[in-house]
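In our numbering, the protein residues as written are 67 to 396.
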């Protein structure tokens, strides 16, 4: 079984199958310059992998990173428990548990969000001599909380506004990542930080960007000369979607059998594997990604007829639709 390809979860920063995109360079450049960034896109597009990659590159140039996975905080919490949970996670990572908890307990008259950001300002920033990037991963989780979180985004915006008066805030940068649109996350347009930040789009791999994956396809006996042909046909089917591309590459390796020998041309072999793992009736009932998409459509509060018409247009025209933040269907 191939260990070159990864078909789910976050890729290690030095994974051999990591495909570097233009967005990786853009995210690193912006964060290293202290710019607020957000990566809001569909699941399985490589958000967390890009985050880990950016954090490692930032470390190489002397910038610290702090990753807050919001799913680890929980959702059946009141507002005070949630912000305290965020502070606990930071304290554990930065070895400032006691100092941050003391600050939290000593300022009960402040609102939870005010206590959180003041703790960052008055406890963390004075103790660091490097820049710090705080990544909020799985940001869409805030939509499940039993209280509004507009204040969180308003406070992030305020951190940037305060740079003029308080130079300490120049040390602090934020990056937000999740499966949502800005409109999903915040209701008050006056408090949103998204209009002062930079959206970093995660696009599908181009064929040229995906070429390093050909190395993993050389694992099959006699495949050295066929690897690029295999990859080209894989890209034909997936159009460079990160998860689908990794999944199909791995399946082409793992399903090597007598069937592969019958398919003398590499393109025919890829076609057969693709039908087996994505298009067969069995795949539609077992593939986690396909099941997720099906359930999202079934449970969606959007107009399902309009959504199905969009799918029909894509199917019939093979037209690429732009990633429009303002269109909830896309």
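Heads up, the beta-carbon is just placed ideally off N, CA and C, and yes, glycines get one too.
So, using beta-carbon positions, are residue 242 and residue 202 closer together than 8 Å? yes
Considering only residues of the region 90-168, which uninterrupted alpha helix (DSSP H) runs meet the minimum length of 4 residues and lie entirely inside it, listed in chain order? 113-126 and 145-160
Which same chain residues, not among the five before or five after residue 122, have their C-beta less than 7 Å away from its C-beta? 79
Please determine, among 270, 294 and 262, the residue with the shortest C-alpha to C-alpha distance to residue 277. 294
Stretch-stretch touch, CB-based, cutoff 8 Å, three pairs: the region 108-122 with the region 147-164: no
Mind checking which residues open and close the beta strand (DSSP E) that includes residue 200? 198-203
Take residue 38 and list the residues in its own chain whose beta-carbon comes closer than 8 Å to its own, dropping the five residues that flank it on each side. Residue 38 is absent from the model: the chain starts at 67 and stops at 396.
Roughly how far, in whole angstroms, is the beta-carbon of residue 254 from the beta-carbon of residue 216, given that I think they are within contact range, below 8 Å? 5 Å
Please go through the region 203-283 and give each complete alpha helix (DSSP H) segment of 4 or more residues, from N-terminal end onward. 216-227, 248-251, 273-276 and 280-283
So the alpha helix (DSSP H) residue 308 belongs to, where does it begin and stop? 308-320
Can you give me the Cβ contacts of residue 351 inside the same chain, cut-off strictly under 8 Å, excluding the 5 residues immediately before and after it? 357
Range covered by the alpha helix (DSSP H) that runs through residue 71: Looking at the DSSP string, residue 71 is not in any alpha helix (DSSP H), and its letter there is neither H nor E.
For residue 73, which residues of its own chain have a beta-carbon under 8 Å away from its beta-carbon, when the five flanking residues on both sides are left out? 309, 312, 313 and 316
Here's a check: name, in chain order, each residue in its chain whose Cβ is nearer than 6 Å to the Cβ of residue 141, leaving out the five neighbours to either side. 210 and 211
Determine the extent of the alpha helix (DSSP H) in which residue 364 is found, giving its start and end residues. 354-365
How far does the alpha helix (DSSP H) with residue 372 in it extend, from its first residue to its last? 370-383
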